[in-house]
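Data block below; observations after.
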Amino acid sequence: MTNYKGGVGKTTTAVNLAHVFADEGMKVLLVDLDPQASATDFFGLYNSAQSEGCSSIDLLYGHASIEDSAFRTTYPNIDVVPSIIELVDQNELLLHEQTLKFALDDAAGDYDVAIIDCSPVMKRLAFNAYAAASAGGMVIIPVKLDSSVMRGTALTVNAMRSISDALRLPMPKWRILRTCVPGRSTRSEDAGTTVLDNYFPGNQFKTVIHASTKVCEGSWRWKPVVDAFPTSRPAVDYRALAKEVLHELG
Ligand SMILES: Nc1ncnc2c1ncn2[C@@H]1O[C@H](COP(=O)(O)OP(=O)(O)O)[C@@H](O)[C@H]1O
Ligand SMILES: [Mg+2]
C-alpha cells in the first residue's frame, strides 16, 4: 500500500485486507514500514515492539529475518512486523533497496501473502516495497479523489518506474484503489473520475471502497471495519477487493 499522499486509506486497506485474507484461511504477514505505526497500533503491538526492541528497523537495518522480527497477533493467521517512531531517525541512504525483498523471499514458505504498509514520505522504504512487489506482487495505490490526486499518483508511479529500471527488476503490477467514495455521485467526484480514467485507464480496480463513519468508529477500538462491522458497505467492499486482488495475482 503506497501513495506519496497521506490520509488516503493505505493503512485502512492494509489491515482490512489482512483480516479478509486471514478469514479465508491464508497465512498473512503484515509489514509496517510507516514510522507513524498505525498498522502496528491496530494489532496493539507498539509497546511490545518498543520494549523488545524488535521492529521493521531490525528487519531493514539489522539483518534480522522475518522470523526474528515478526510478532504473532491475537488473530489466528496474521503475523506483523511492527514499526516504531524511531524508524524515522534511520538513515534511509544506508538502506539497500532489496533488503525487504530478500527477507520476504527467505520467508516465502511461511506465508501465503505479505502486505506492506508504506509511509507517505519515506522514499527509500517505499523503494524496498516496490522491489519486493516486482516479482509477481502488486502495488496498491489508494486514492481519495480531490484536486491533488494526480500528483500523488504520478509521483508514486514514477518512483516505481525509476527504481525498477535502476534495479533491472520488472515493473510491479500496480492498481489504483478509490477509497472514501461517497454513496451518491457528486460533481467533484465525477470530475476526479474523469481525470483518473483519462490518465490511468488500465490501472484501476473495479472495486471501490465507499466512505462510511463505521471505518473511523471501528478504528477507535483499533478494529478493522471488516471485523467490527462485517455487514457495513466498506466491509463488503473490502471483501470484494480481496477477491479482485487474488484474481489479478492469479
Ligand atoms: N472508507 C472510508 N470511509 C471513511 N473513512 C475512512 C475510510 N477509509 C479510511 N478512512 C479514514 O481516513 C483516515 C486516513 O486513513 P488511513 O488508512 O490511516 O490513511 P493513510 O494510511 O493513507 O494515511 C482515517 O481516519 C480512516 O479512519
Ligand atoms: Mg497509514
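The sequence shown begins at 97 in our numbering and counts up by one.
Positions of the beta carbon are idealized from the N, C-alpha and C atoms, including for glycine.
Extent of the continuous beta strand (DSSP E) run through residue i
i    : result
V311 : V311 -> not in any beta strand (DSSP E); alpha helix (DSSP H) instead, spanning 309-316.
R271 : 269-274
I174 : 174-177
V235 : 234-239
Residue i Cβ short of 8 Å to ligand 2 heavy atom set
i    : result
K240 : no
D213 : yes
A225 : no
T252 : no
G102 : yes
S134 : yes
D130 : yes
Burial state of residue i, where buried means 16 or more other Cβ atoms lie within 10 Å
i    : result
V217 : exposed
M234 : exposed
A145 : buried
L189 : exposed
C214 : buried
R274 : buried
T282 : exposed
G248 : buried
Distance cut-off 8 Å: residue i Cβ against heavy atoms of ligand 1
i    : result
H306 : yes
G279 : no
S244 : no
C150 : no
V217 : no
G105 : yes
S147 : no
V311 : yes
T303 : no
S179 : no
T275 : yes
P330 : yes
T282 : no
Integer Cβ distance of residue i from residue j, believed to fall under 8 Å
i    : j    : result
T290 : L241 : In fact, because the Cβ distance is near 10 Å, the residues do not count as touching under 8 Å.
P238 : K319 : Their Cβ separation, rounded to whole angstroms, is 19 Å, which puts P238 and K319 out of contact at 8 Å.
A101 : S244 : In the sequence on display, residue 101 carries Lys and not Ala. With a Cβ gap of about 7 Å, K101 and S244 count as contacting.
L113 : I211 : 6 Å
K197 : A166 : Going by Cβ atoms, the distance from K197 to A166 rounds to 16 Å, so no, they are not a contact pair.
V311 : T108 : 6 Å
V111 : F138 : 5 Å
S230 : S260 : 6 Å
A255 : K219 : 7 Å
A222 : T136 : Incorrect: roughly 17 Å between the Cβ atoms, too far for contact.
Enclosing alpha helix (DSSP H) for residue i [first to last residue]
i    : result
M122 : M122 -> no alpha helix (DSSP H), and no H or E assigned at all.
P330 : 329-345
A135 : 134-138
M256 : 245-263
Y213 : Residue identity differs from the one stated: residue 213 is Asp in this sequence, not Tyr. No alpha helix (DSSP H) holds D213; the beta strand (DSSP E) holding it covers 209-214.
D293 : 283-295
T195 : 195-202
K219 : 219-229
A160 : Counting along the chain, A160 falls outside any alpha helix (DSSP H), and DSSP gives it neither H nor E.
V321 : 321-324
A145 : 142-148
* Determine contact between the stretch 115-133 and the stretch 294-302, defined as no fewer than three beta-carbon pairs at a distance below 8 Å. => With a cut-off of 8 Å, the stretch 294-302 and the stretch 115-133 do not count as touching, because too few Cβ pairs lie within range.
* Cβ contact check for the stretch 156-166 and the stretch 202-212: 3 or more pairs under 8 Å -> Taking a cut-off of 8 Å on C-beta distances, the stretch 156-166 touches the stretch 202-212, as three or more cross pairs fall below it.
* Asked: Okay, do the stretch 113-122 and the stretch 167-177 touch, 3+ Cβ pairs below 8 Å being the bar?
  -> Of all C-beta pairs linking the stretch 113-122 to the stretch 167-177, three or more are shorter than 8 Å, placing the two stretches in contact.
* Using 8 Å as the Cβ pair cut-off and three pairs as the minimum, do the stretch 186-197 and the stretch 311-329 touch? -> No, they do not touch.
* Is there contact between the stretch 176-186 and the stretch 128-136, where contact requires at least three CB pairs shorter than 8 Å? -> Because the criterion of three Cβ pairs below 8 Å is met, the stretch 176-186 and the stretch 128-136 touch.
* Asked: Counting pairs of Cβ atoms below 8 Å between the stretch 258-270 and the stretch 303-310, do you hit three or more?
  -> They do not touch, by the three-pair rule.
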